[in-house]
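Protein chains in written order, with the working numbering: chain U, 1 to 176; chain V, 1001 to 1474; chain D, 2001 to 2271. Every residue gets a Cβ at the ideal spot worked out from N, C-alpha and C, and that includes glycine. Every value quoted in this text rests on a predicted model; they were computed, and no experiment measured them.
Printed below as a string of structure tokens:
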């Protein structure tokens, strides 16, 4: 693997930043180089938020994602703003419930029932974690166990369940 | 007849008739002006009629110059409490020591701001005073959580003026101290940063640069404070500034900032930017850290050295040094010399020379693919990562391009820049301001310099630099 | 008959606590304060070897630095209380005493003062209020009385002054006091009380500036031309200051315009 650039996007308060740091932390613990950053307006909640992470086996020179390999979005606004950045070789994962994807997109696009699963788990607030599981499962950038180990104590069981469900969906989307 | 009380005035202390409070308060008319002037040209008061004294003590307790002694017949003056030690004098020799790092050695994933705080703690920082400001606040929050358990002190002050003031006060208390802020806060701190320069107070100031001027764009990166750090405090005397480009260097250069600060008794800037401060990265914490501990030596002069470029020892408060710390021009003991040209000249020159003459201990840089480079990029901070990306891409296309990355910015590493730039075809300086670094490079490089500026509050896209290298387009 | 209780000799106080002779103008009220402070310090005693004196810029700031033979921190204009907060928080084993002027503490440094009072940082703050900026030539300050003439209010000060005791009490100070230099024994006792306080303590010292305030406002001073201006200023203080307990028993017309002196506790509320 050279460098894998992943962009998470959604609305403020959806926990987009949490995803990029969790994935970075999990990969760092597996001996990989990781760099994660976010950009958001001064209003912390309620606006478009974008966070990203680069995972690499070698030192990361430029720490921001120039061309996303994977885009994972949790809202229509986020989708509308970012999906054109993804090239044909890239993949877009979007929440099946809240995002209606465009048709003229070169990248492969897959819906993930993130909110649906989160609701089934009784915690709509962890749709983001389901989506992260799907990203990890799709890319194989980290194994599920590594991801689970990186989870913070708070809310660990619910998050683990969400990651596990998402990871299985992601694995199913891998190219044969 | 009873013996009279004794009343004496020290004439050399007396300010004379313009004061004359003794004569006016005395109910017994003991005092009158003398008929001879003092060497200072003052007609002093004298106790002309001591036999009239009733020892009411109104005069000696009112005298603004403590010039009057009244000893009542048959009464001993109250003795004064004893003074003088014993004083605690911990580690008077100071110097380099190796100590275990605070965090267990290993790999971590943390933000630049956290790493900066951890580096400071590892260096021995045990005092933090600050005021909230984006994008530096996480440093303060981290310190608030970490310092108490380490026996340190955290205090959130009423403003940035107070923050840097408290830091300097704590440093004189013998504690390694720091603050962190961003451009608007630096603007407020500058007067006291000048005070720290003048009083030779070690302290570390982290400036997480954001887009200005004024409030600008609080969460957006910039490199607009390079000149402010160097020239912001009036008087124009040298200080030290370091520029980290990664989370790893936020840790390492925070340690180095403290070491240089204690070594040279000077405020040290860590000139970070929003990109490295909010970036999370994999970093490696080594098992040990090398730190420079303050040289205290309370018996020596704390504000001068025999050498023209020396760093005097710095005792702390409470060690019996009876420190006279002042931002006014002062001699080696700290006495104010506010009209003495020679003292002013010597002090100002030493404050700069102690930095300039030791630049070999301070200069810090990395060279990338410079051996055969016809064109050289010079950059610092997170911009250097954009530059390196562009250099690597251009090299893959066969262009002979290299990068000189400056990790210390002040004192400006003139000889380093000259050594790597002289005679090259083009020196290219990308930066997130209107050409502050380029100006310095132009002065030192000995080669034509192109300034590439970007002030839109966004990181410099490395593809922009590549396009310049390929097509000369910016 | 000899007095029952002897007091230290000025020459002993100088030898024990001072580095040099006083640098003040003739009859300066700050010198009277310094005299009283050293007597209070000797009586307490305040251990000068374990005390840091912090001062800002201005005549009042010169009292501890360079005079006091102790650790002194003579800082930028207005920031003495903030520096002192840093020293105290870093070294709670040391006594920290701020001595500075009204311009330094109440004009440019007012924010630090009220926050130190609010946070009840255990420092002692002595504000030598001489009612104007002395060192720079007698300009109006935050404590200049209304209508008083200064270099920058040639027609009389149009603005009302701060009541510093009310200011710090309102900010949350547990202890505040006001004493004039015209009563040096009372002043020394008041200084001693403040130094004994365990927490934040503030003393407004009503000082005099004969050089600037006295000359500019000579017409307002009592006494005769034969008397020195410092003396006439002290006389003005004697006539216009009244102890808060005594004032409580005075009819309103006699209290009007008087300056209350004494000690206040935060829990009493505003004076």
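| Asked | Found |
| --- | --- |
| Interface flag, residue 2195/D vs chain V, CB-CB below 8 Å | no |
| Helix, strand or coil at residue 92/U according to DSSP, with G and I counted as helix | strand |
| Best match in 1292/V, 1058/V, 1158/V and 1065/V for proximity to residue 1259/V [C-alpha to C-alpha] | 1292/V |
| Closer than 8 Å to chain D by CB, residue 1178/V | no |
| Of the residues 5/U, 155/U, 38/U and 145/U, the one placed nearest residue 177/U, counting alpha carbons only | One cannot answer for residue 177/U here, as it falls past the ends of chain U, which runs 1 to 176. |
| Any chain U beta carbon closer than 8 Å to residue 1459/V | yes |
| Boundaries (first-last residue) of the beta strand (DSSP E) holding residue 129/U | Premise fails: residue 129/U lies in the alpha helix (DSSP H), 127–139, not in any beta strand (DSSP E). |
| Cβ pair residue 1128/V, residue 1154/V closer than 8 Å | yes |
| Residue 2129/D: first and last residue of the uninterrupted beta strand (DSSP E) it sits in | 2124–2129 |
| Three-state class that DSSP yields for residue 1022/V in the structure shown | helix |
| From 49/U, 96/U and 32/U, residue whose alpha carbon lies closest to that of residue 19/U | 49/U |
| Span of the alpha helix (DSSP H) around residue 1414/V | 1414–1421 |
| Under 8 Å from the C-beta of residue 1340/V: neighbouring residues of chain D | Chain D residues near residue 1340/V: none, gap ~14 Å exceeds 8 Å. |
| Option nearest residue 88/U by Cα separation, candidates 76/U, 102/U, 81/U and 106/U | 106/U |
| Residue interval of the beta strand (DSSP E) (run including residue 1261/V) | Per DSSP, residue 1261/V belongs to no beta strand (DSSP E); it is in the alpha helix (DSSP H), 1247–1264. |
| Chain-ordered chain D contacts of residue 1060/V [CB-CB under 9 Å] | 2007, 2009, 2010 and 2035 |
| Helix, strand or coil at residue 1451/V [DSSP, three-state] | strand |
| Exposure label - residue 2234/D; buried when at least 16 CB within 10 Å | buried |
| CB contact below 8 Å: residue 21/U versus chain V | yes |
| Beta carbon proximity, residue 1202/V to chain U, threshold 8 Å | no |
| Short Cβ contact (8 Å threshold) for residue 1514/V with residue 1181/V | The structure shown has nothing for residue 1514/V, since chain V only spans 1001 to 1474. |
| Close Cβ partners of residue 43/U (< 8 Å) along its chain, the five nearest in sequence each way excluded | Bear in mind that a pLDDT of 44 at residue 43/U, under 50, signals an unreliable position, so the number given afterwards is only what the model happens to contain. Result list for residue 43/U: 12, in chain order. |
| Pairwise C-alpha distance: residue 2010/D and residue 2004/D | For residue 2004/D, the predicted model reports a pLDDT of 38, less than 50, meaning its position is unreliable; a value from the coordinates is still stated below. Going by the C-alpha atoms only, they are around 18 Å apart. |
| Test: residue 2212/D CB closer than 8 Å to a CB of chain V | no |
| Collapsed DSSP secondary structure at residue 175/U in the structure displayed | coil |
| Residue from 2200/D, 2055/D and 2043/D with nearest C-alpha to residue 2099/D | 2055/D |
| Residues that residue 4/U bridges to, as DSSP identifies them | 55/U |
| Closest residue to residue 2230/D among 2217/D, 2022/D and 2256/D (Cα-Cα distance) | 2217/D |
| Given residue 2094/D as reference, the closest of 2045/D, 2079/D and 2123/D once Cα atoms are compared | 2123/D |
| Cβ-Cβ distance between residue 2081/D and residue 2125/D below 8 Å | yes |
| Residue 169/U - DSSP class collapsed to helix/strand/coil | helix |
| Among 1420/V, 1359/V, 1012/V and 1290/V, nearest to residue 1410/V - alpha-carbon criterion | 1359/V |
| Contacts around residue 1008/V, its chain only, beta-carbon distance under 6 Å, and the 5 residues preceding and following it disregarded | 1069 |
| Stretch pair the segment 1082–1100 of chain V + the segment 1280–1298 of chain V: three plus CB contacts closer than 8 Å | yes |
| Top-ranked residue by Cα proximity to residue 26/U, from 17/U, 8/U, 113/U and 145/U | 145/U |
| Exposed unless 16 or more other CB atoms sit within 10 angstroms - verdict on residue 1021/V | buried |
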